[in-house]
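The sequence shown begins at 107 in my numbering and counts up by one.
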Amino acid sequence: MAGIGFELKKLFQKRGLAATVRAYGYAGVICTGPMLLGIVLLVGVSFLCDQTGATRHNRELLICMITYTLLASLTVTSFFSMVVTRYIADMLYEERHEEILSSFWGSTGILLVVGGIMYGIFLMFSGINLIDQFLCLEFFGELIVTWNAMSYLTAIKDYKGILISFVTAVCVSLIAGFLLIIIGIPHIEAMMIAVTLGYGIMLLWDVTLLYRYFPQSEMSAFSFLHWVDEFLPLAFTGLFTNIGLFTHLVIMWFSPIHVHVQGLFYGAPYHDVPAMIAYLTILITTVNFVVSVEVNFYPKYRNYYSLFNDKGEIKDILQAGQEMRKVLNMELKYTALKQLLTTALVISLGQPLLELLPLGFNDLMEGYFRTLCVGYGIYAIANTMMLILLYFTDYKGALFATGMFAACTCIFTCVSLFFPQVYYGFGFLLGSAVFFLISALRLGYFIKKLPYYILSVQPVVAEDKTGFFTRMGHFLEEKVERGDNIEVL
107 MAGIGFELKK LFQKRGLAAT VRAYGYAGVI CTGPMLLGIV LLVGVSFLCD
157 QTGATRHNRE LLICMITYTL LASLTVTSFF SMVVTRYIAD MLYEERHEEI
207 LSSFWGSTGI LLVVGGIMYG IFLMFSGINL IDQFLCLEFF GELIVTWNAM
257 SYLTAIKDYK GILISFVTAV CVSLIAGFLL IIIGIPHIEA MMIAVTLGYG
307 IMLLWDVTLL YRYFPQSEMS AFSFLHWVDE FLPLAFTGLF TNIGLFTHLV
357 IMWFSPIHVH VQGLFYGAPY HDVPAMIAYL TILITTVNFV VSVEVNFYPK
407 YRNYYSLFND KGEIKDILQA GQEMRKVLNM ELKYTALKQL LTTALVISLG
457 QPLLELLPLG FNDLMEGYFR TLCVGYGIYA IANTMMLILL YFTDYKGALF
507 ATGMFAACTC IFTCVSLFFP QVYYGFGFLL GSAVFFLISA LRLGYFIKKL
557 PYYILSVQPV VAEDKTGFFT RMGHFLEEKV ERGDNIEVL
């Protein structure tokens with residue numbers, strides 16, 4: 107019985123601390139940060155093209171190239187992002203800091219190879235010239251490294267360093283692009299070179315921060331792949347969230363309102379521009395979640411689990427559980443209220459302001475903007491509840507909620523194409539509503555039976571899950587070792 111108790115205590119400790127770091131780190135930056143940076147970059151590039159006399163075709167092709175590369179890189183990295191942050195949290199808790207930096211290069215290498223092959227094939231048949239293909243692939247590679255580094259930086263909560271790198275990348279991209287255009291380089295090539303330069307600086311900045319925090323070592327670069335098998339639902343949760351967020355944009359590129367720019371590059375400006383602006387409305391919920399959860403909810407959460415670890419009395423555990431649930435309900439209500447007020451304020455005041463900007467807003471775009479503001483607001487609240495499920499390690503519940511979010515968003519958006527164009531934004535809104543409903547029901551059910559899930563559902567003895575990714579890690583490690591032996595010989 108002593109051995110069983112030890113295993114159970116280890117499980118509580120790891121779940122109580124590591125999962126916490128992962129949850130609010132992911133909520134704070136990994137999901138919102140890249141898209142926010144991309145939106146600012148796209149708006150800046152569009153404005154710069156207008157001011158420097160770029161043709162409409164060149165501007166639209168440039169926007170498509172940047173957008174496609176951003177979405178492709180985010181989709182590729184989304185499969186590892188949550189698992190990697192869980193791995194980092196476990197390594198930090200177990201004080202195995204020497205394994206973190208090696209895992210960064212191992213995960214980055216896998217993402218670059220797999221993602222580079224897939225995106226490279228697309229670029230080969232995309233219909234753009236060879237120079238533009240190379241610049242897009244270079245930009246894609248930089249984004250892969252940058253987004254993956256962000257997972258590591260958020261795990262240690264270096265939000266200041268991330269913010270500085272964000273601002274630097276955008277400023278350098280726009281300033282360098284303007285200078286290159288002035289000296290006579292064509293707009294597309296000038297802006298793509300500038301963007302790769304700006305994000306290259308961001309890449310170097312982030313990697314430098316990683317080397318400042320984590321020691322170098324000769325540890326295995328692929329041991330983190332065992333965590334993919336161990337927490338496979340986390341991997342698909344990240345992927346499904348990404349699909350639910352962005353698939354409706356891709357579907358609109360082939361709708362009746364689409365614009366064929368060149369080759370395989372399509373766009374839907376009437377839908378894309380309102381969607382980008384509406385996405386910014388979730389920033390208030392993201393920031394509020396990070397602050398309120400860390401300051402208000404986490405102490406109650408930690409106290410509740412520490413009573414199990416330290417053999418607390420039943421009455422103390424029950425009281426701590428009630429306090430934790432009370433704070434959680436209060437924080438979720440405040441989060442929902444703030445998002446509701448933000449959405450209402452943006453819809454009422456933001457619309458006249460958007461008409462003053464050179465974005466070409468018309469009645470159809472204004473309708474999409476209102477609909478998508480509501481959709482993103484609902485998504486933000488649902489995503490908050492899903493992240494709380496991850497706090498309690500309800501990986502299956504989070505996986506089901508995000509899976510339904512991805513599936514319903516795709517299905518409803520496709521169905522909306524059979525209706526008048528004014529209803530196109532409702533596909534994402536309905537998908538977000540399903541996400542919200544499932545997350546709310548699952549969280550309520552899980553919280554009511556939390557002691558049962560802690561004491562009865564979790565395995566008494568730790569399980570060691572091995573599968574495809576663990577075997578792939580061993581295979582890659584053997585290849586690396588053989589390569590090292592060959593060099594020595």
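Every residue gets a Cβ at the ideal spot worked out from N, C-alpha and C, and that includes glycine. These numbers come from a predicted model, not from an experiment.
So for residue i, helix, strand or coil by DSSP?
{"i": "residue 133", "result": "Here the model assigns residue 133 a pLDDT of 42, short of 50, so the residue's position is not dependable, and the following value carries that caveat. Helix."}
{"i": "residue 580", "result": "helix"}
{"i": "residue 481", "result": "helix"}
{"i": "residue 371", "result": "strand"}
{"i": "residue 364", "result": "coil"}
{"i": "residue 585", "result": "helix"}
{"i": "residue 112", "result": "Confidence at residue 112 is low in this model, with a pLDDT of 37, below 50, so its placement is unreliable and the value that follows should be read with caution. Residue 112 falls in the helix class under three-state DSSP."}
{"i": "residue 441", "result": "helix"}
{"i": "residue 260", "result": "helix"}
{"i": "residue 488", "result": "helix"}
{"i": "residue 314", "result": "helix"}
{"i": "residue 202", "result": "coil"}
{"i": "residue 299", "result": "helix"}
{"i": "residue 158", "result": "coil"}
{"i": "residue 526", "result": "coil"}
When you compare the CB positions of residue i and residue j, do they come within less than 7 Å of one another, or not?
{"i": "residue 309", "j": "residue 252", "result": "yes"}
{"i": "residue 345", "j": "residue 298", "result": "no"}
{"i": "residue 507", "j": "residue 544", "result": "yes"}
{"i": "residue 599", "j": "residue 343", "result": "Because the chain spans 107 through 595 in this model, residue 599 falls outside it and cannot be assessed."}
{"i": "residue 359", "j": "residue 369", "result": "no"}
{"i": "residue 539", "j": "residue 487", "result": "no"}
{"i": "residue 490", "j": "residue 441", "result": "yes"}
{"i": "residue 257", "j": "residue 312", "result": "no"}
{"i": "residue 145", "j": "residue 382", "result": "yes"}
{"i": "residue 481", "j": "residue 534", "result": "yes"}
{"i": "residue 239", "j": "residue 249", "result": "no"}
{"i": "residue 327", "j": "residue 212", "result": "yes"}
{"i": "residue 290", "j": "residue 154", "result": "no"}
{"i": "residue 217", "j": "residue 182", "result": "yes"}
{"i": "residue 323", "j": "residue 204", "result": "yes"}
{"i": "residue 341", "j": "residue 185", "result": "yes"}
{"i": "residue 431", "j": "residue 560", "result": "no"}
With residue i as the anchor, note down where its beta strand (DSSP E) starts and where it stops.
{"i": "residue 452", "result": "Taken as a continuous stretch (DSSP letters only), residue 452 belongs to no beta strand (DSSP E), as it is neither H nor E."}
Relative to the C-alpha of residue i, which residue among the options is closest?
{"i": "residue 516", "options": "537, 496, 499", "result": "537"}
{"i": "residue 363", "options": "352, 378, 184, 349", "result": "378"}
{"i": "residue 470", "options": "441, 312, 376", "result": "376"}
{"i": "residue 335", "options": "524, 188, 484, 177", "result": "188"}
{"i": "residue 190", "options": "329, 405, 530", "result": "329"}
{"i": "residue 524", "options": "430, 540, 361", "result": "361"}
{"i": "residue 522", "options": "458, 357, 156", "result": "357"}
{"i": "residue 527", "options": "576, 477, 492, 557", "result": "477"}
{"i": "residue 392", "options": "401, 445, 574", "result": "445"}
{"i": "residue 550", "options": "578, 581, 495, 306", "result": "495"}
{"i": "residue 321", "options": "154, 207, 542", "result": "207"}
{"i": "residue 78", "options": "186, 147, 182", "result": "The chain is shown only over 107 to 595; residue 78 falls outside these bounds and no answer can be derived."}
{"i": "residue 434", "options": "408, 306, 198, 403", "result": "403"}
{"i": "residue 385", "options": "437, 304, 422, 475", "result": "475"}
{"i": "residue 571", "options": "155, 157, 333", "result": "333"}
{"i": "residue 557", "options": "389, 424, 199", "result": "424"}
{"i": "residue 350", "options": "542, 582, 560, 587", "result": "542"}
{"i": "residue 427", "options": "405, 439, 443, 438", "result": "405"}
Starting from residue i, trace the alpha helix (DSSP H) both ways and give me its first and last residue.
{"i": "residue 190", "result": "162 to 199"}
{"i": "residue 540", "result": "532 to 554"}
{"i": "residue 376", "result": "375 to 385"}
{"i": "residue 321", "result": "From DSSP, residue 321 is part of no alpha helix (DSSP H); its letter is neither H nor E."}
{"i": "residue 348", "result": "338 to 358"}
{"i": "residue 217", "result": "206 to 230"}
{"i": "residue 505", "result": "501 to 522"}
Report buried or exposed for residue i, applying the criterion of at least 16 other Cβ atoms within 10 angstroms of its Cβ.
{"i": "residue 314", "result": "exposed"}
{"i": "residue 354", "result": "buried"}
{"i": "residue 277", "result": "exposed"}
{"i": "residue 500", "result": "buried"}
{"i": "residue 410", "result": "buried"}
{"i": "residue 293", "result": "buried"}
{"i": "residue 220", "result": "exposed"}
{"i": "residue 436", "result": "exposed"}
{"i": "residue 254", "result": "buried"}
{"i": "residue 413", "result": "buried"}
{"i": "residue 259", "result": "buried"}
{"i": "residue 201", "result": "exposed"}
{"i": "residue 401", "result": "exposed"}
{"i": "residue 196", "result": "buried"}
{"i": "residue 458", "result": "exposed"}
{"i": "residue 584", "result": "exposed"}
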